[in-house]
Amino acid sequence: MSKLIITAALVGAEVTREQTPYLPLSPREIADEARRVCEAGASIVHLHMRDASGVSSQDKDLFAEAISYIRAETDLIVQVSTGGAVGMTAETRVQPVSLSPEMASLSTGTVNFGEEVFANPLPMVRTFARACHTYGVKPEIEVFDSGMVTSALALVREGLLREPLHFNFVLGVPGGMAAAAKNLIFLLDLIPPGSTWTVSAVGRHQLPLNTLGILLGGHVRTGLEDNIYFTKGVLAKGNAPLVERITRLARELGRPLAKPEEAREILGLKRREVL
Ligand code: KMH
Ligand code: ZN
Numbered sequence: 000m001s002k003l004i005i006t007a008a009l010v011g012a013e014v015t016r017e018q019t020p021y022l023p024l025s026p027r028e029i030a031d032e033a034r035r036v037c038e039a040g041a042s043i044v045h046l047h048m049r050d051a052s053g054v055s056s057q058d059k060d061l062f063a064e065a066i067s068y069i070r071a072e073t074d075l076i077v078q079v080s081t082g083g084a085v086g087m088t089a090e091t092r093v094q095p096v097s098l099s100p101e102m103a104s105l106s107t108g109t110v111n112f113g114e115e116v117f118a119n120p121l122p123m124v125r126t127f128a129r130a131c132h133t134y135g136v137k138p139e140i141e142v143f144d145s146g147m148v149t150s151a152l153a154l155v156r157e158g159l160l161r162e163p164l165h166f167n168f169v170l171g172v173p174g175g176m177a178a179a180a181k182n183l184i185f186l187l188d189l190i191p192p193g194s195t196w197t198v199s200a201v202g203r204h205q206l207p208l209n210t211l212g213i214l215l216g217g218h219v220r221t222g223l224e225d226n227i228y229f230t231k232g233v234l235a236k237g238n239a240p241l242v243e244r245i246t247r248l249a250r251e252l253g254r255p256l257a258k259p260e261e262a263r264e265i266l267g268l269k270r271r272e273v274l
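Mapping to numbering that gives the first Met the number 0: the sequence shown position 29 is 28, numbers consecutive.
Here it is, written out as C-alpha cells:
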C-alpha cells in the first residue's frame with residue numbers, strides 16, 4: 000500500500016459558526032487552520048471561502064489571500080472547490096481555478112443534497128474540466144453517486160479528463176450514496192486501474208469510512224466540512240483533532256503518512272517550485 004494522504008476539508012460551504020464555534024471563516028483563520036492540520040499530518044487542504052458575513056463565496060481574491068498565506072507558511076497541496084454552494088452559477092464556481100492551484104474538486108454529476116439540488120449538468124462539468132486543463136490544475140473527481148464515475152469516464156473518452164484519475168467518494172450525503180462499506184467497495188470496482196482514491200463521509204459516518212479507506216489502501220478526507228463532531232454530541236475543537244485521530248489510526252494500522260511532497264508524487268503533481 001502507498002503512504003496515506005490525508006486531506007483536510009477545513010470549512011465547506013454549509014457549516015455555520017452557530018453550529019460550531021471552531022469553524023475558520025476569514026482567509027487568515029483558514030490559513031491558520033491549514034498550518035495546524037499540516038502539523039497534524041495532512042498533506043492536502045480542500046478549500047472553500049466565506050465572505051465577511053460568513054456566507055459561502057467563490058471570490059477569487061478571498062482564495063488568493065488564503066492561498067498566499069498557506070503557501071508561505073506550509074508546503075501543503077491546495078485544492079480549491081469548484082462545487083461552492085448549491086445554487087451558484089458556473090461562472091461563480093470556476094473563479095478560483097484561474098489562480099492555478101495544484102488541485103480543484105470536480106463533481107461530475109447532479110445529486111439531491113438534502114432538500115436542495117447540487118446541480119452539475121455535463122456542460123457545466125466540461126467548463127470546469129477545461130478550466131482545470133487551461134490552468135494546469137489536477138481535478139479531484141467528487142463522487143456522490145455511482146453515475147458520477149460513469150460520467151467521469153465519458154469525459155476521459157472526450158479528452159477532457161486525463162488518466163490516471165483521482166476520485167473522492169463522498170458518502171452519506173442525504174440524496175447521494177449511503178455511507179456503507181459495500182457501497183465503497185462497489186465504487187472501487189468501477190474506477191480504472193491505476194486511479195487513486197480517497198474517501199469522505201458525512202457526520203457520524205466519517206470515522207468508520209475513513210478507517211475503511213485506510214485499510215483498503217485508499218486515502219482519507221476528514222474535516223469540519225463533512226463532520227463537526229469528534230464523538231457523539233461532542234464538537235471537534237477544530238480540524239486538527241480530526242486529522243490527529245487519523246494520524247494515530249494510520250500509525251496503528253500500518254499506513255505511514257505521505258508528506259505533501261510524497262503526496263505530489265502519488266498523485267502525479269509537479270513538484271512545487273520553491274517561493
Ligand atoms: N458544498 C457542496 C454543495 C466541492 O467542494 O466540490 C459542494 C461541495 C463539493 O462542497
Ligand atoms: Zn467542498
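Heads up, the beta-carbon is just placed ideally off N, CA and C, and yes, glycines get one too. This structure is a prediction, so every number in the text was calculated from the model and none was measured.
Taking the Cβ of Gly-216 as the reference point, every heavy atom of the ligand ZN lies at 6 Å or farther away. Counting every other CB atom within 10 Å of its CB across the protein chains shown gives Ala-249 a total of 16 or more, marking it as buried. Distances from the CB of Ala-151 to the heavy atoms of the ligand KMH are all 6 Å or more. For Ser-56, DSSP records a beta bridge to Met-48.
Rounded to whole angstroms, the gap between the alpha carbons of Gly-83 and Gln-57 is 6 Å. Check the Cα spacing between Gly-53 and each of Met-123, Ile-29, Trp-196: the tightest is with Ile-29.
Every unbroken stretch of the alpha helix (DSSP H) spanning 4 or more residues and falling wholly within the stretch 109-191 is given here in chain order: 121-133, 146-156, 180-189. Rounded to the nearest angstrom, the Cβ distance from Ile-43 to Thr-88 is 26 Å, too far for a contact under 8 Å. Closer than 6 Å to some heavy atom of the ligand KMH: that describes the Cβ of Glu-141. The three-state reading of DSSP puts Ile-66 in helix, counting H, G and I together. Straight-line spacing of the CA atoms in Gly-193 and Ile-184 works out to 16 Å. By the criterion of at least three beta-carbon pairs nearer than 8 Å, the stretch 91-111 is in contact with the stretch 125-135. With respect to the 7 Å criterion, Ala-178 and Leu-187 are not classified as neighbours on the basis of their beta carbons. In the displayed model, Leu-75 falls within coil according to three-state DSSP, outside both helix and strand.
Taking every protein chain shown into account, the CB of Glu-139 has 16 or more other CB atoms within 10 angstroms, so this residue is buried. Membership of Arg-220 in the beta strand (DSSP E) is indicated by the continuous run 218-221. Taking a 10 Å sphere around the C-beta of Glu-101, we find 16 or more other C-beta atoms and assign the residue as buried.
By the criterion of a C-beta distance shorter than 7 Å, Leu-160 is surrounded in its chain by Ala-128, Pro-138, Ala-151, Leu-154, once the five residues flanking it on both sides are discounted. Proximity to Val-36 across Met-0, Ala-239, Pro-122 peaks at Ala-239, based on C-alpha coordinates.
Annotation for Ile-66: Val-77 place their beta carbon closer than 6 Å to its own, counting only its chain and skipping 5 residues before and after.
Short of 6 Å from the beta carbon of Leu-252, and not among the five residues preceding or following it, lie these beta carbons of its own chain, in chain order: Ile-213.
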